[in-house]
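Under this note's numbering, the first residue of the sequence shown is numbered 28, with each subsequent residue one higher.
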Amino acid sequence: MKTIIVDETTEKRFRRRSIIAFIIFFTCVGAAWISWKWLYNQPLDNSIRGGIQKPLRKVLDMNMNVYSGLYSTQHLVKEYPKSMAAPKARVNGNVGMDEDLFDTATWKLTVIRAAGDTLLLTLNDLKKLHKIDVVHNFKCIEGWSQITWWSGVRFSEFAEKYKLTKECQMKFASLVTPDEEYYVGIDMPSMMHPQTILCFELNGKPLPMNQGYPLRLIIPVKYGVKNIKRIGTISFHNDRPADYWAEKGYDYYTGL
28 MKTIIVDETT EKRFRRRSII AFIIFFTCVG AAWISWKWLY NQPLDNSIRG GIQKPLRKVL
88 DMNMNVYSGL YSTQHLVKEY PKSMAAPKAR VNGNVGMDED LFDTATWKLT VIRAAGDTLL
148 LTLNDLKKLH KIDVVHNFKC IEGWSQITWW SGVRFSEFAE KYKLTKECQM KFASLVTPDE
208 EYYVGIDMPS MMHPQTILCF ELNGKPLPMN QGYPLRLIIP VKYGVKNIKR IGTISFHNDR
268 PADYWAEKGY DYYTGL
């Protein structure tokens with residue numbers, strides 16, 4: 028008789044706990060669904076074209092404030108010997124790289140200093156500056172990384188050479204492909220980082236077409252989406268300029 032009583036008590040406890048567990052589970056599912064519906068119906072953030080819901084953008088902006096607060100030009104990305112660089116660099120994306128719409132013979136880098144004040148520079152103009160190598164672990168938001176060897180000129184030295192001191196006191200730089208299909212906005216401290224280069228060589232040779240010939244950005248403190256290929260125009264702004272992936276809901280800062 029005692030054994031039967033114990034079994035019945037245990038069964039009642041099990042049934043009660045199961046009911047409680049189901050109630051908690053369906054309550055959580057319901058709360059998650061209500062929260063998703065609430066978030067989905069929130070107005071879009073208008074500070075970025077395209078944009079995402081305001082609460083999500085606020086979280087991303089908070090992350091940006093934290094990362095930018097920790098940023099220092101004294102913090103260098105780890106570099107590697109050239110012998111460790113991949114013989115064939117992986118390509119991350121092809122937006123803005125339509126070769127049918129690009130004439131290599133007429134390309135010039137357009138640098139907009141102010142309204143009516145524009146620099147037009149050739150690749151040879153850039154090559155007159157001191158060339159440096161950057162061999163780092165290129166990281167893509169798709170989840171892969173690869174040690175790659177890039178060569179070019181420091182953006183900070185480029186800015187000094189072409190008297191862009193006033194422009195570089197603004198908060199952001201905008202870089203756009205010649206066809207205007209791809210564009211990034213980058214905070215100025217990251218642009219002025221000593222490892223940020225205007226790059227024209229990969230593995231000691233001119234950039235391949237699919238890697239942004241004739242000129243691309245290599246900015247090791249950012250994920251690959253900010254390393255824009257085939258730069259056509261550079262301009263400077265105090266408000267956040269347009270950014271291709273930020274408009275699709277990604278983090279604007281995109282720092283490492």
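Using N, Cα and C, we set each Cβ at its ideal position, and we do this for glycine too.
Query: Suppose the cutoff is 8 Å on Cβ atoms and the five residues either side in sequence are ignored; what does the same chain contact list for Asn121 look like?; Result: Asn237
Query: Is Phe199 helix, strand or coil when you go by DSSP?; Result: strand
Query: Pro268 and Tyr98 - do their beta-carbons sit closer together than 8 Å?; Result: no
Query: Nearest-angstrom Cα distance between Thr37 and Ile46?; Result: 14 Å
Query: How big is the Cα-Cα spacing for Gly276 and Met91?; Result: 14 Å
Query: Within a Cβ cutoff of 8 Å, which residues of the same chain sit near Asp234, ignoring the five residues on either side of it in sequence?; Result: For the record, residue 234 in the displayed sequence is Leu; it is not Asp. Closer than 8 Å at the Cβ level, and outside the excluded window around Leu234, lie Cys226, Phe227, Glu228, Tyr240, Pro241, Leu242, Arg243.
Query: Heavy atom of the ligand GDP less than 7 Å from the Cβ of Ala186, yes or no?; Result: The ligand GDP is absent from the structure shown, which contains no ligand whatsoever.
Query: Return the chain-ordered ranges of every alpha helix (DSSP H) run that is complete within the segment 133-203 and spans a minimum of 4 residues.; Result: 150-154, 182-188
Query: Please classify Ser262: does DSSP put it in a helix, a strand, or coil?; Result: strand
Query: Given Val104, which residues of its chain have a CB within under 7 Å of its CB, disregarding the five upstream and five downstream residues?; Result: His163, Gln222, Pro247, Val248
Query: Is Gln80 helix, strand or coil when you go by DSSP?; Result: strand
Query: What does the alpha-carbon distance come out to for the pair Ala141 and Asp125?; Result: 29 Å
Query: Could you work out which residue in Ser201, Lys109, Thr192 is closest to Ile174 when comparing CA atoms only?; Result: Lys109
Query: Between the alpha carbons of Ser172 and Pro114, how many angstroms are there, rounded?; Result: 14 Å
Query: Using three-state DSSP, classify Ile246 as helix, strand or coil.; Result: coil
Query: Quick one: what's Asp214 bridged to in DSSP?; Result: Phe199
Query: Which residue comes first and which comes last in the beta strand (DSSP E) that contains Phe227?; Result: 224-229
Query: Using only alpha-carbon positions, find the residue among Ile255, Asp152, Ile51, Asp266 that is nearest to Val180.; Result: Asp152
Query: Taking the C-alpha atoms as reference points, what is the distance between Leu283 and Ala273?; Result: 16 Å
Query: Starting from Pro233, follow its DSSP beta bridges and name the residues at the other end.; Result: Glu228
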